[in-house]
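Chain order of the listed sequences is C and X.
Using the UniProt record's numbering, the first residue of the first sequence is number 1, and each one after it goes up by one.
Using the UniProt record's numbering, the first residue of the second sequence is number 1, and each one after it goes up by one.
Beta carbons: idealized from backbone N, C-alpha and C, even for Gly.
Notes follow the structure.
Number of protein chains: 2
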Amino acid sequence: MNRRVKMSGVTDPGLRARKKARTRAELQRHALRLFRDRGFAATTADDIAAAADVSRSTFFRYFPTKEDVVLLDDVDPLYDAAFRAQPAGTPLLRALARSMRTAFASLDDEKRALEEVRMDLARTVPEIGAVLRERNTFGVDAVAALVGEAVGRPADDDDVVVFAGVVSGARLAAQALVRRDPDRAYIETFADVLEVLADGVPLADAPIVT
Amino acid sequence: MNRRVKMSGVTDPGLRARKKARTRAELQRHALRLFRDRGFAATTADDIAAAADVSRSTFFRYFPTKEDVVLLDDVDPLYDAAFRAQPAGTPLLRALARSMRTAFASLDDEKRALEEVRMDLARTVPEIGAVLRERNTFGVDAVAALVGEAVGRPADDDDVVVFAGVVSGARLAAQALVRRDPDRAYIETFADVLEVLADGVPLADAPIVT
DNA sequence: TCTTACTTGAGACTCAGTCTCAGTTCGGCG
DNA sequence: CGCCGAACTGAGACTGAGTCTCAAGTAAGA
């Protein structure tokens, strides 16, 4: 029993793969806990490995850098999917705002808590923020790809890239706002900013006063 | 002769300070050269120190990290100054685009070359890009401060922060565009993007197709 | 059950970054 | 001019990230 079912359409993982997934998840779980409690810099790769009961070598086999451990994520694909599920005709910025809200709302409590720790670290620890910004669903390239597809233009079309830059900028703004007022919820703030932008860039035409 | 003139309004540096400035500049000069020729990762702090004929310790005394050496910059203050010099009444985005162009044009050839290497590294080497984005004149916080002052609003005003995010996003877009087509000049591209945005966010109202 | 391929732990190695200490050099003052 | 204190430098030890190699263990498949 518990044999790998090779014939069925969905290839069932098998013991080896299941073990790997479990180890990876364990490493992340302990890492995030330690980062939260002791701080990122004060947590060594050894600490994490020890907590997850594997060797340091193994830690780096699963995650190329200490930052990468924060990247592991079940949520980003959900944003993507939610966006693709938006009905045709929806204006882009609204569609993005909405898909963020629905994707985040669809998370169960455990995942949401995990996600909040991740976003907190992203705002707090510069190295992590940088990595996340580059490899996230909301990096310029990723948004450009997503949006280009949605409007039927190439991902390197100037307008598409500029639009993607604005969306990434909206995220930067949201992070800055939450940093200034930690009571704000990040996802909500991000979605709000996108909706503000749907009515035009604030201050775009504001003149300089002396 | 060559005595430090303490009485005159401008405090003349003195030997010590001059030496420091020279060492710092030398370190940067060699570092950028080595980064360009060998690559960032393949250049060790020892290499740079040796090239500039100082000890490794001294290198880290001048620059807290290897990335920081790329940050040293005479140009950013020029952008600031050029922006502040824009006539009252100029709309913000135009003012930013213009001040970038004039500041960059005011550089002599040597400085401009240096600046181009820096921007190239910023686009090419992720670590450097990240540091530059955070500590640059065009980071969200810096833009918010500059713009808040210009429109007479606090730097943590929501509109100001969102606007600053858009400007930072414009930079991200410009970097992405140059990455796709290295023949573009970065500064020009950045200014162009800002001017595009002055006419509204492209695709903002574009609907999703299918 | 036996072979093969993947996975792991141990440990050596390089390099970034921090810190301490001792020696040197500059600046200022008598 | 000569001396003292402060700033600067180089040497070297130390921690921790990240890479690599090798030997031992374990799942997969026949």
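Using a Cβ-Cβ cut-off of 7 Å, C/I48 does not count as an interface residue toward chain X, since no Cβ of chain X sits closer than that to its own. A direct Cα-Cα distance of roughly 25 Å separates C/V143 from X/T137. The three-state reading of DSSP puts C/P154 in coil, since its state is none of H, G, I, E or B.
Residue environment analysis places C/D192 among the buried positions, since at least 16 neighbouring C-beta atoms fall within 10 angstroms of its C-beta. Secondary structure note for C/Q28: its alpha helix (DSSP H) is the uninterrupted segment 15-38. Per DSSP, X/V131 is one residue of the alpha helix (DSSP H) stretching across 126-135. Under the three-state reduction of DSSP output, X/P77 falls in the helix class.
Contact between X/F63 and X/V69 holds, since their C-beta atoms are separated by about 5 Å, short of 8 Å. For a Cβ distance threshold of 7 Å, residue set G169, L172 of chain X lies close to C/S168, ordered along the chain. Rounded to whole angstroms, the separation of the alpha carbons of X/L34 and X/A173 is 28 Å. Annotation: X/A103 to X/F190 spans about 13 Å, alpha carbon to alpha carbon. Near chain C, meaning a CB-to-CB distance below 9 Å, the residues of the stretch 123-142 of chain X are P126, E127, G129, A130, V131, R133, E134, G139, V140, D141.
For C/F60, the enclosing alpha helix (DSSP H) starts and ends at 56-62.
Pairing C/P13 with C/R118, the inter-Cα distance amounts to about 27 Å. At the C-beta level, C/V160 and C/R153 come within 7 Å of one another. One thing to note: C/G169 has its Cβ within 7 Å of the Cβ of X/G165.
A residue is called buried once 16 or more other Cβ atoms fall within 10 Å of its Cβ, and C/R22, having fewer, is exposed. Its chain contains F83, Q86 as the residues whose beta carbon lies nearer than 7 Å to that of C/A95, once the 5 sequence neighbours on both sides are disregarded; these appear in chain order.
For the pair C/F40 and X/P202, the CB atoms are not nearer than the 7 Å cut-off.
Looking at the backbone, the Cα of C/Y186 and that of X/A52 are separated by about 46 Å. Identification of residues in the stretch 47-77 of chain X having a C-beta nearer than 8 Å to some C-beta of chain C yields an empty set. Sequence-ordered contacts of the stretch 85-108 of chain C with chain X read Q86, A88, G89, T90, P91, L92, L93, A95 [C-beta pairs closer than 7 Å]. Under the 10 Å beta carbon count, C/L121 is surrounded by 16 or more other beta carbons and is classified as buried.
For C/H30, the closest alpha carbon among the candidates C/I208, C/D47, C/L93 is that of C/D47. Among the residues facing chain C, X/D37 is not included, as its CB has no counterpart in that chain under 7 Å away.
The closest CA to that of X/D158, considering only C/A176, C/A155, C/Q28, is found on C/A176.
With respect to chain X, the C-beta atom of C/L203 has a partner C-beta closer than 7 Å. A straight line joining the alpha-carbon of C/R133 with that of C/S99 spans about 19 Å. At a cut-off of 7 Å between C-beta atoms, X/F163 counts as an interface residue with respect to chain C. Proximity of X/G14 to chain C, defined by a Cβ-Cβ separation below 7 Å, is not satisfied.
The secondary-structure analysis by DSSP pairs C/P91 across a beta bridge with X/P207. The C-beta of X/L177 comes closer than 7 Å to at least one C-beta of chain C. Contact between C/A130 and C/L92 fails: their C-beta atoms lie close to 26 Å from each other, not under 8 Å. Here X/T43 is buried: its Cβ has 16 or more other Cβ atoms, across all protein chains shown, within 10 Å.
When secondary structure is reduced to three states using DSSP, X/L107 falls in the coil class, being assigned neither helix nor strand. In its chain, beyond the 5 residues on either side, Y62 have a beta carbon closer than 6 Å to the beta carbon of C/R24.
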